[in-house]
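Down below is the structure, laid out as structure tokens.
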Amino acid sequence: DTEVTQTPKHLVMGMTNKKSLKCEQHMGHRAMYWYKQKAKKPPELMFVYSYEKLSINESVPSRFSPECPNSSLLNLHLHALQPEDSALYLCASGIFPPGDNQPQHFGDGTRLSIL
Amino acid sequence: AQKITQTQPGMFVQEKEAVTLDCTYDTSDPSYGLFWYKQPSSGEMIFLIYQGSYDQQNATEGRYSLNFQKARKSANLVISASQLGDSAMYFCAMRPASGGSYIPTFGRGTSLIVHP
Chain A
233 DTEVTQTPKH
243 LVMGMTNKKS
253 LKCEQHMGHR
263 AMYWYKQKAK
273 KPPELMFVYS
283 YEKLSINESV
293 PSRFSPECPN
303 SSLLNLHLHA
313 LQPEDSALYL
323 CASGIFPPGD
333 NQPQHFGDGT
343 RLSIL
Chain B
655 AQKITQTQPG
665 MFVQEKEAVT
675 LDCTYDTSDP
685 SYGLFWYKQP
695 SSGEMIFLIY
705 QGSYDQQNAT
715 EGRYSLNFQK
725 ARKSANLVIS
735 ASQLGDSAMY
745 FCAMRPASGG
755 SYIPTFGRGT
765 SLIVHP
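Chains as they are written, first to last, in the numbering used here: chain A, 233 to 347; chain B, 655 to 770.
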């Protein structure tokens with residue numbers, strides 16, 4: 233079982249809906265990441281939180297709104313998404329700053345479909 | 655800037671045989687780390703193995719080993735005795751060593767299919 237838990241595993245929503253993706257980790261990691269991944273492609277970084285503060289936003293459209301309410305939780309609020317936003321959304325966590333040999337730890341992802 | 659190249663979009667291997675997945679990289683950082691991840695169809699990215707640029711020996715973790723050739727800037731993953739459960743996407747990633755950007759750069763991935 234993964235140590236990073238993402239819910240829901242699958243989500244289908246219309247373009248006018250508002251929904252949220254959730255991510256939780258209890259490894260004491262102080263960096264948390266959101267990635268978007270299309271099929272057969274590498275993950276693309278969206279946001280990074282370090283010590284609960286947004287440190288990186290990779291020019292993501294405002295219809296995606298991240299939130300880090302505490303050191304264990306990371307949310308991604310979704311509103312007015314487009315069909316091209318359909319993808320696997322991966323959450324990851326890691327030690328901050330990471331040691332040389334310390335990898336990111338990923339969740340199972342949320343498969344999002346926009347109708 | 656860093657760049658990771660995985661030239662094999664798809665690979666096939668017979669069960670119980672060994673397979674090598676290629677990864678070449680380019681970086682101006684003097685020290686860096688290389689990571690391999692496995693992604694089954696379920697979606698989770700699973701960390702497999704790490705190689706530091708100053709490590710004297712090639713990394714090994716169970717059936718996984720790295721063929722690290724620093725002069726050639728390559729870090730190929732070798733999977734010995736392939737199993738059906740090894741069928742997945744495999745991503746090579748690089749990150750500068752401590753003090754640099756902590757965001758890894760991923761390659762495009764290789765899809766591995768293990769035949770019975």
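The C-beta atom is built at its ideal place from N, Cα and C for all residues, glycine as well.
Determine, using beta carbons only, whether residue i and residue j come nearer to each other than 8 Å.
i         : j         : result
Ile703(B) : Leu720(B) : yes
Ala729(B) : Gln705(B) : yes
Phe748(B) : Gly763(B) : Checking the sequence, you will find Met at residue 748(B) rather than Phe. Their beta carbons are not under 8 Å apart, which means Met748(B) does not touch Gly763(B) by this criterion.
Glu284(A) : Ser303(A) : yes
Ser318(A) : Leu344(A) : yes
Glu715(B) : Phe338(A) : no
Gly687(B) : Asn333(A) : yes
Pro275(A) : Leu322(A) : yes
Lys251(A) : Leu310(A) : yes
Using a Cβ-Cβ cut-off of 8 Å, state whether residue i counts as contacting chain A.
i         : result
Ala751(B) : yes
Pro684(B) : no
Arg774(B) : For chain B, the structure presents residues 655 to 770; residue 774(B) sits outside this window and is missing.
Glu669(B) : no
Arg762(B) : yes
Gly687(B) : yes
Which word fits residue i, buried or exposed, when buried means at least 16 other C-beta atoms lie within 10 angstroms of its C-beta?
i         : result
Pro335(A) : buried
Met259(A) : exposed
Lys692(B) : buried
Asp740(B) : buried
Val236(A) : buried
His261(A) : buried
Thr239(A) : exposed
Gly341(A) : buried
For residue i, tell me which candidate among the options has the shortest Cα-Cα distance.
i         : options                                       : result
Ala751(B) : Glu698(B), Ser707(B) and Gln660(B)            : Ser707(B)
Thr661(B) : Cys677(B), Val667(B) and Lys670(B)            : Cys677(B)
Tyr267(A) : His261(A), Phe279(A) and Glu256(A)            : Phe279(A)
Ile757(B) : Leu766(B), Phe689(B) and Tyr718(B)            : Phe689(B)
Leu286(A) : Leu322(A), Asp340(A), Lys273(A) and Leu306(A) : Leu306(A)
Asp683(B) : Lys657(B), Pro694(B) and Ile733(B)            : Lys657(B)
Lys273(A) : Ile733(B), Gly664(B), Lys727(B) and Ala735(B) : Gly664(B)
Ala263(A) : His242(A), Arg295(A) and Ser325(A)            : Ser325(A)
Lys724(B) : Tyr679(B), Val732(B), Ile733(B) and Tyr718(B) : Tyr679(B)
Return yes when at least one heavy atom of the ligand NAP lies under 7 Å from the C-beta of residue i, else no.
i         : result
Ala324(A) : This structure simply doesn't include the ligand NAP, nor any ligand for that matter.
With a CB to CB cut of under 8 Å and the five nearest residues on each side skipped, what residues in its chain are close to residue i?
i         : result
Leu738(B) : Glu669, Val768 and Pro770
Hey, is residue i's beta-carbon within less than 8 Å of any beta-carbon in chain B?
i         : result
Leu344(A) : no
Excluding five sequence neighbours on each side, which residues of the same chain lie with their C-beta closer than 7 Å to the C-beta of residue i?
i         : result
Glu346(A) : Residue identity check: residue 346(A) is Ile in the sequence provided, not Glu. Around Ile346(A): Met245, Met247, Leu313, Gln314, Pro315, Asp317 and Ser318.
Whose C-beta lies closer than 6 Å to the C-beta of residue i among residues of the same chain, with five residues either side of it excluded?
i         : result
Phe760(B) : Phe745 and Ala747
Lys270(A) : Ala319
Phe722(B) : Gln705, Asn712 and Ala729
Ser696(B) : none
Val667(B) : Val673, Ser736 and Val768
Tyr265(A) : Val280 and Ala324
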